[in-house]
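Residue numbers (our numbering), protein chains in the order written: chain X, -5 to 518; chain E, -5 to 518. Virtual Cβ for every residue (Gly too), placed ideally from N, Cα, C. In this text the structure is predicted, and so the values were computed from the model without any measurement. Beneath this line is the structure, given in structure tokens, with notes to follow.
2 protein chains.
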Amino acid sequence: MTQAMQRQQAVTIHKNEVFALTAEQLQPQLIYRDCKPKQIIRVVKNELAVHGWQAETIQGAESLSAIAFGKGEEVILDFGEHLVGRLAIRIIPIGSPPDAPLHLQITLGEMPVEMAESFSEYDGWLSSSWLQEERVHLDILPSSLNLDRRYSFRYVKLKVLDTSPKYKVSFAEISCTAETSADRSLQAPLGHTDPELQAIDEVSVKTLEECMQEVFEDGPKRDRRLWLGDLRLQALANYETFSGNDLVKRCLYLFAAYPDERGRITANLFMKPQVIPDDTYLYDYSLFFVSTLHDYYLATDDRNTLEELWPSAYRQIELALERLDERGIVTDDETWWAFIDWHPDLNKQAPAQAILIYNLKCALHLAVLLGNERQDRLRQTIEELTKATLDHLWDSELGYFVSGDIRQVSWASQIWMVLAGIVEEERGKRLLLRLQQDSAPIPMTTPYMVHHFIEALIQMGERDTAISEIKKYWGQMIKDGADTFWELYNPSDKSFSPYGSHLINSYCHAWSCTPTYLIRKYQL
Amino acid sequence: MTQAMQRQQAVTIHKNEVFALTAEQLQPQLIYRDCKPKQIIRVVKNELAVHGWQAETIQGAESLSAIAFGKGEEVILDFGEHLVGRLAIRIIPIGSPPDAPLHLQITLGEMPVEMAESFSEYDGWLSSSWLQEERVHLDILPSSLNLDRRYSFRYVKLKVLDTSPKYKVSFAEISCTAETSADRSLQAPLGHTDPELQAIDEVSVKTLEECMQEVFEDGPKRDRRLWLGDLRLQALANYETFSGNDLVKRCLYLFAAYPDERGRITANLFMKPQVIPDDTYLYDYSLFFVSTLHDYYLATDDRNTLEELWPSAYRQIELALERLDERGIVTDDETWWAFIDWHPDLNKQAPAQAILIYNLKCALHLAVLLGNERQDRLRQTIEELTKATLDHLWDSELGYFVSGDIRQVSWASQIWMVLAGIVEEERGKRLLLRLQQDSAPIPMTTPYMVHHFIEALIQMGERDTAISEIKKYWGQMIKDGADTFWELYNPSDKSFSPYGSHLINSYCHAWSCTPTYLIRKYQL
């Protein structure tokens, strides 16, 4: 998810102090690791590489300190792995005493393209302030420069903007203190017999690790925020790997602590300078509080949390049901927003309807577990909505679920209908396999949507197709240079960005970390 | 002076620990003052203004906090006076919670031109790292941004490089903690009956105040260093105003503490990260240690310092005499460097000869005061050198002193010969007045040289001419907008810079602060 959602109506937050305190007490300890660059590289044009740029090793990074850099000179360092952390650079003057400040530019990038293309030419529609580039003046040398900000990167470019004719500088030491709240020691390697799935699993786990900070972040480079839709998938991957279950609990309490005056849960939270619920509300994301709580309980048996947060979860169901028209179908008009996927033309009605039913079923399961009196009402609602969906959104001539007044056919609609259990296995399987042969439906655009496609395939018994699709998507991403999985990836348009520039894409993104969940959970 | 001197031969420093400790113990307490901006301004083109730019008030600065700034928007603030200090800005987000970092550019300038012309187009030959412009990313808002560096400025431009479409920012508070070691309470206003001289005195005092920091700095914007040639003039202005005599003493001990292996005193010292003598040695500047000690003793009667530092001073005389040829004239070849003035074609031989004699006379005076046995030798040397100068450097046909093999006639040569007392008063007076009628001699290019011209005029009894020249130069600088006196000023070419760009000139520069000395000392 991204910050580019439109501002919605003004809301009042009704903070739940008890929940907020519980979340605060679950603040994780960060784990630090000291990392050094491995190589000095250059980035060269290569039309076959993603974005057209490829890293090439020049020499080992241990030779860095012997090189003197004057005005306009630069070096690119490769840390050999994706890192999230803080940078420290020891800078030594060479020559006469420095008779002018050092003006240094530091560019950090997750991908070679960020080292190759000038940020000053960026013209995407997300804020350029996400581009990781600093300019610092150092009046006193030698200097131990400790940059305040946290960066998400594998590559660092140091460029001397100016010194003076009387001195140059060398970079005696450069290091990154990487940080995460994921505890590697708790995570066992998968040891898969298929080396490709093994590699995909490892990159998935690394992606999740980098996104586990004080909360589950969507992307450590851009947004760096707790989004409910991302949290749901991260939590699933986490149960199979790091088992950082208290971090999931903390995030659930955070969302529950800051509802609006109607009890609606925000799509995302800012953590600094204090917890701030964003004024973005998404139909699907609010509902995912239910399934995330459901998954959490199944993973942990933490009945106390379930009991405390059940009212918050149930309230999302109630609010979602208010959007139903007299037919029992989610109203599609100008007053709402659901995410579903990034495709600009995607109609959200049918997938939102399916997501509502999906979460109703999670709620029903929880209500049964709790012995809650609402279970009959939930059961009845599920029946009514399923019937309404089949009556009004299934187009028997087309053989697809359709969405909105335009009766749009999309992958998202079919996939979510399958996941919501609207169709039985055989019909679901046919629907999914037919999508692969048909170029007409609105396609998937994000790993987030591809994840749901894979999970639907597995649930319809199409395990081999699921494995092959994982390899075609995440496996190809690795072949294209992914150290961590990317926010956005289109194997047939590798420079795709919904933001107008691939420089601003996040190349370590939570919603892309799910292959480890899919592979481990379903023993693919 | 500037840092652009060529690197000279490698030297070994013989640190005098006792002198270094004395200097350390004289470290001054800085005096802090909280300053707020006065006006919001714009800078407009005006062909009649210096550099073609003029500040125009838009509204009072108290309205700043009510303005919201989005991407690409900027504001220019005028603090109403030149300041040296640290900047603090309180930044508040307006709109939705900030969903992307703030990227802010902060440009500080002493002059309107620095607010108007882009630093990115700077192409002068001094390091662009002196241009006072920072770019900062703020991840967390609201933020109290305290910039680490010290700036020299009157104007501040805040430009929002980027936020996001969801929020803007306001600048709730902006302040500068000005710093100086000059104690205003010790300095009495002049109260001159001539308002123009009164104004010139005030700006002189302000200039000196801004340059008095942990040492006497040459310019708080650029170089920020202790140069011996500047120190000599600052000390003279200081005796008439702030009487910060311990700061002069500290600077004398600093220079004496770091001679090279031959006892030669450097042209300038760096203070951070520890005291470092620059590897630049200037014939005239080393000699000025003698006259600066001489002036200090006359101002303070501090006999202990005189006795301790006399050997260092006398050593500069000995070393300078080693450059004499068999005629008793300073050798002019490729192996030396003297500053004298900035004119690129200026031959340094004759003015250096005069400066040697000038300092010999200071040394003789000190030797007499100390009852030192070298006084006879000094007296004899002065006689020999004076005769040699008149024999070899005076051109009776031209009626000027000439310099170098090219027998160059310059203002600098005539002025220094007068100050060195080579000619009697009537001839000196004629020489100086003739310069004003003659366009052929190499002209003066700095306030530093103009100072010596004025002092020579006064010593030749030309007080009225001196006053009129002060008004024509420093008075005109004030009319051209000087809050503090400038490093460089040519009334007939107001954009003059020896550095290829007026952006890099220093507009508060120690060697330009001397009118207060001239006016008060000589009761002009």
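Range of the contiguous beta strand (DSSP E) that encloses E:Trp410: Counting along the chain, E:Trp410 falls outside any beta strand (DSSP E), though it belongs to the alpha helix (DSSP H) covering 405 to 413.
Distance CB(E:Val37)-CB(E:Ile100) smaller than 9 Å: no
Whole-number beta carbon distance between X:Ile70 and X:Ile25, since they are thought to touch under 8 Å: Between X:Ile70 and X:Ile25 the Cβ distance is about 28 Å, and since that is not below 8 Å, they are no contact.
Sufficient close CB pairs (3 or more, under 8 Å) joining the stretch 259 to 274 of chain X to the stretch 2 to 21 of chain E: no
Burial state of X:Cys507, where buried means 16 or more other Cβ atoms lie within 10 Å: buried
Segment contact flag, the stretch 307 to 315 of chain X with the stretch 279 to 287 of chain X, C-beta cutoff 8 Å, min 3 pairs: yes
Buried versus exposed call for E:His8 [16 or more other C-beta atoms within 10 Å across all chains shown]: exposed
Minimum Cβ-Cβ distance from E:Trp124 to chain X less than 9 Å: yes
Supposed contact pair X:Cys170 and X:Leu81 - C-beta distance, whole angstroms, cut 8 Å: 6 Å
Interface residues of chain A facing X:Glu128 [CB-CB closer than 9 Å]: The displayed structure is made up of protein chains X and E, and chain A is not among them.
Which of helix, strand or coil DSSP assigns to X:Pro509: helix
E:Leu387 versus E:Gln207 - alpha carbon distance: 41 Å
Beta strand (DSSP E) segment containing E:Asn353, residue limits: Per DSSP, E:Asn353 belongs to no beta strand (DSSP E); it is in the alpha helix (DSSP H), 343 to 364.
Classification of E:Tyr119 by the beta-carbon crowding that lies within 10 angstroms, buried from 16 upward: At residue 119 of chain E the sequence reads Trp, which differs from the Tyr that was named. So E:Trp119 ends up on the exposed side.
Whole-angstrom C-beta distance between E:Tyr290 and E:Ala229, which should lie under 8 Å: 6 Å
Whole-angstrom distance between X:Tyr247 and X:Thr299, CA atom to CA atom: 9 Å
Contact list for X:Asp273 against chain E, beta-carbon separation under 8 Å: Ser90, Pro91
Contact set between E:Arg143 and chain X, taken where Cβ atoms lie within less than 8 Å: His131, Asp133
Contact list for the stretch 150 to 182 of chain X against chain E, Cβ threshold 8 Å: Leu155, Asp156, Thr157, Ser158, Pro159, Lys160
Opening and closing residue of the beta strand (DSSP E) in which X:Ser164 lies: 161 to 174
Within chain E, partners of X:Leu96 - CB distance below 7 Å: Ser123
Alpha carbon of X:Thr274 to alpha carbon of E:Arg219, nearest angstrom: 54 Å
Start and end residues, alpha helix (DSSP H) containing X:Leu241: 239 to 251
Chain-order list of residues whose beta-carbon lies under 6 Å from that of X:Ala504 (same chain, five-residue window excluded): Cys205, Asp212, Asp224, Gln228
Selection of the stretch 252 to 274 of chain X by Cβ proximity to chain E, strictly under 7 Å: Phe264, Lys266, Pro267, Ile270, Asp272, Asp273
Span of the beta strand (DSSP E) around X:Trp304: Unbroken run through X:Trp304 is the alpha helix (DSSP H), 297 to 315; no beta strand (DSSP E).
Length of the line joining the Cα atoms of E:Glu127 and E:Lys215: 12 Å
Same chain only: Cβ atoms within 6 Å of E:Gln343, ignoring 5 sequence neighbours per side: Val324, Asp326, Ser397, Gly398
Min CB distance X:Arg219 to chain E below 9 Å: yes
Alpha helix (DSSP H) runs wholly inside the stretch 173 to 210 of chain X, at least 4 long, in chain order: 189 to 205
Neighbour-count burial assignment, E:Ile52, 16 or more Cβ in a 10 Å radius: exposed
Beta carbon proximity, X:Lys65 to chain E, threshold 9 Å: yes
The stretch 127 to 147 of chain E / the stretch 87 to 105 of chain E touching (three or more Cβ pairs under 8 Å): yes
Cβ of E:Leu120 within 9 Å of any chain X Cβ: yes
Interface residues of the stretch 196 to 223 of chain E facing chain X [CB-CB below 9 Å]: Arg216, Asp217, Arg218, Arg219
Buried or exposed (CB count within 10 angstroms, at least 16 for buried), E:Ala434: exposed
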